[in-house]
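Per UniProt numbering, the very first residue in the sequence shown carries number 1; after that it's consecutive. For reference, the structure is listed below as structure tokens.
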Amino acid sequence: MFRTGGVGGDLYWNEFRDTVKKYWSNFFEYHRRGLSQDRTKPWADPDKTPLFREPSGNWDEHYSVDVQAAIAAQTQTRVGGDAQAAAAAVRDKLAQQGVAVRLAKMLGFGGNGVASLFEVWPGGEGQPSKKVVVKSLLRRGTTMNAEWSFNAALKRARHIIQVRYWKGEIMPTEGADLRESADQWQHIDEDRTMLTLEFLRNGDMHHLISKLAKADDAVPQPILWRIFFCHGSQPPGWDFIHYDLDPQNILIGDMDDGEHSVAPVFKISDLGLGKNTGDRQFQTPCEQHHKEWDYIYFPPTEPTPPRVAGLYGPWSNIFQAGLCMQNLITKFTIPYPPAAIGPLNAPEGAHLFDHPTVIRDSKGRPLPSFYTHGYNLASVRGIDDELMHLLLRCLADLPRDRPSLWELQWLMVTKERSPGWAIPENDPDGIRAWCDRMFNQPNDVGAGSYSPACVVV
């Protein structure tokens, strides 16, 4: 992956060292010490002495982590607070088009925008209503072009939140008396400061985790597999990197007569921070989360430069999907500060499990040793070894140690064809009853609270 040779190559790597590497190495030094949530961003302050120091020698490829202390630190963040923001401007804008509209609920906001639930009456008050979610910007002078583009490209994807169009879909435009209104709804559809999406009535994984935490409940094993397959097995060849896949951005819909007949569909949302792997920004940013980057010197002087974590790619989505499953199973927020624990599948890591353990791939083959950010899953009761080992691999420190999209796709097909996959109607384990209680009965959305903070690697 290195450019080498000539003055041009040296200039490139000098610039890379002085901009990309120094900045991000300093940030991750703060991050590993549990200091990266400081809103003043001291790692970016040129007047502050960097915490990062160039190490001497070569990395021995081992992390020195006090496992018990790391897990103790990571379990301090089980619950947190929710935030909401006003969306009256969107309501007024829609009302000006002549539609009866009610701001039903403000769902939440982030650094750039707010998401709100609206109820609209296309035929006027007293007629049947529809519910839609509208995302809008908090700051003027910006647009949602990127999110619009990605949602349009992924229209009809089964596990991606879908755009709803006002012209002809939400609002009728057929008939002589309605044709004049078509242009005004076309104008709303083309407004890139707002984005209208389908409403999924079961909320998001964030609230599901809150509900589980309050009730001290756990998701049944067969449902964990189904949830993981919803958001963790994108098709091979998918070149979109999400960058913000956390429990608040995984929405829960309804059950159907097909593959979601027992548990509802889970859909990925909030694509605005995503990138295609062909984007020019992918030419330099690398997964510098990994410790080996601290030991790389620029310009490279070694005849054969060491192999290090490379560009973001599908393996980055796999890591994020693993983090979401880790949150759902443990009911803790993302492990912070991060701690790569291991080596698994090595004599030095044998003490990490209470019985002899060999991590294998989906076809049963033993894997080389690796470090993982998912070790706290090993202490969870009720999760079977196959799923736990798969998630340990999804959360592997190095991208090369994570399962590929091809492997996940093969595993999904194999699982769905296995005799034990279908849940019988008589349901001796009570799984259907659990899903009915969790998803079909009124939600106590305010019960408990869980506040994730996504760290993209």
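Quick reminder that beta carbons are idealized off the backbone N, C-alpha and C, glycines included.
> On the premise that Thr143 lies in contact with Trp166, defined as a C-beta separation below 8 Å, what is that separation, rounded to the nearest angstrom?
Replying inline: Not confirmed; about 18 Å, so no contact.
> Looking only at DSSP bridge pairs, what is Met194 linked to?
Replying inline: Ser136
> Which one of Asn276, Lys22 and Thr40 has the shortest CA to CA distance from Phe150?
Replying inline: Asn276
>> Do Val262 and Ile423 count as a contact pair if the criterion is CB distance below 8 Å?
In response: yes
> Which residue or residues does DSSP assign as beta-bridge partners of Glu119?
Replying inline: Arg102 and Lys131
> Among Leu390, Glu348 and Phe16, which has the Cα closest to the Cα of Ser362?
Replying inline: Leu390
> Arg33 and Pro335: beta carbons closer than 8 Å?
Replying inline: no
>> Can you give me the C-alpha to C-alpha distance between Met325 and Phe332, rounded to a whole angstrom?
In response: 11 Å
>> Tell me the DSSP secondary structure of Asp183 in three-state form.
In response: helix
> If you drop the 5 nearest sequence neighbours on each side, which residues of the same chain put their C-beta closer than 6 Å to that of Gln37?
Replying inline: none
> Taking DSSP as the reference, what is the three-state secondary structure of Leu11?
Replying inline: helix
> Between residue 460 and the rest of its own chain, which residues show a CB-CB distance below 6 Å, the 5 nearest in sequence each way excluded?
Replying inline: Residue 460 lies beyond the range of the chain shown here (1 to 457); nothing can be said about it.
> Where Lys135 and Ala115 are concerned, what is the direct C-alpha to C-alpha distance, given to the nearest angstrom?
Replying inline: 4 Å
> What is the residue span of the beta strand (DSSP E) that Asp209 lies within?
Replying inline: First, the residue type needs correcting, since residue 209 is Ile and not Asp in the sequence shown. It is not in any beta strand (DSSP E) - Ile209 instead sits in the alpha helix (DSSP H) that spans Met205 to Ala215.
> Is it right to say Lys155 is buried, meaning 16 or more other beta carbons lie within 10 angstroms of its own, or is it exposed?
Replying inline: exposed
> Which term fits Ala433, buried or exposed, when burial requires 16 or more other beta carbons within 10 angstroms of its beta carbon?
Replying inline: exposed
>> Between which residues of its own chain and Ser30 is the CB-CB distance below 8 Å, once the five residues before and five after are set aside?
In response: Looking at the sequence provided, one finds Tyr at residue 30 rather than Ser. Excluding sequence neighbours, Tyr30 sits near Ser36, Asp38, Pro42, Trp43 and Leu51.
>> Between Pro428 and chain E, is the shortest Cβ-Cβ distance under 8 Å, so that the two count as touching?
In response: Any reference to chain E falls outside this structure, which holds one protein chain only.
> Mind checking Asn440: buried by the 16 CB within 10 Å criterion, or exposed?
Replying inline: exposed
> Does DSSP put Ile318 in a helix, a strand or coil?
Replying inline: helix
> Looking only at C-alpha atoms, which of Glu386, Thr357, Asp354 and Pro343 sits nearest to Ser369?
Replying inline: Pro343
> Residue range of the alpha helix (DSSP H) that Tyr30 falls in?
Replying inline: Lys22 to Arg32
> Can you tell me whether DSSP reads Pro366 as helix, strand or coil?
Replying inline: strand
> Which residue from Phe27, Tyr63, Glu386 and Val67 puts its Cα closest to that of His351?
Replying inline: Val67
> Are Ile170 and Pro122 close, meaning C-beta to C-beta below 8 Å?
Replying inline: yes
> Any idea if Asn14 is buried or exposed, counting beta-carbon neighbours within 10 angstroms, 16 or more meaning buried?
Replying inline: exposed
> In its own chain, which residues sit with a C-beta less than 8 Å from the C-beta of Ala86, not counting the 5 before and 5 after it?
Replying inline: Low confidence applies here, because Ala86 scores a pLDDT of 41, under 50, leaving its location unreliable; read the following figure in that light. Met106 and Val114, listed in sequence order.
>> Could you check whether Ile359 and Asn376 sit closer than 8 Å to each other, using their CB atoms as the reference points?
In response: no
> Out of Ser316, Gly168 and Asp294, which has the shortest C-alpha to C-alpha gap to Gly57?
Replying inline: Asp294
>> Considering just the uninterrupted stretch of the beta strand (DSSP E) at Lys267, what are its terminal residues?
In response: Phe266 to Ile268
> If you draw a straight line from the alpha carbon of Asp82 to that of Leu405, how long is it in whole angstroms?
Replying inline: Bear in mind that a pLDDT of 31 at Asp82, under 50, signals an unreliable position, so the number given afterwards is only what the model happens to contain. Cα to Cα, Asp82 sits roughly 33 Å from Leu405.
> Tell me the DSSP bridge mates of Phe229?
Replying inline: According to DSSP, which records beta bridges pairwise, Phe229 is partnered with nothing at all.
> Which residue or residues does DSSP assign as beta-bridge partners of Lys167?
Replying inline: Met171
> Does the beta-carbon distance from Tyr312 to Gly274 come in below 8 Å?
Replying inline: no
> Rounded to whole angstroms, how far is the Cβ of Gly374 from the Cβ of Leu395, which I believe are closer than 8 Å?
Replying inline: 3 Å
>> I need the DSSP call for Ala346, collapsed to helix, strand or coil.
In response: coil
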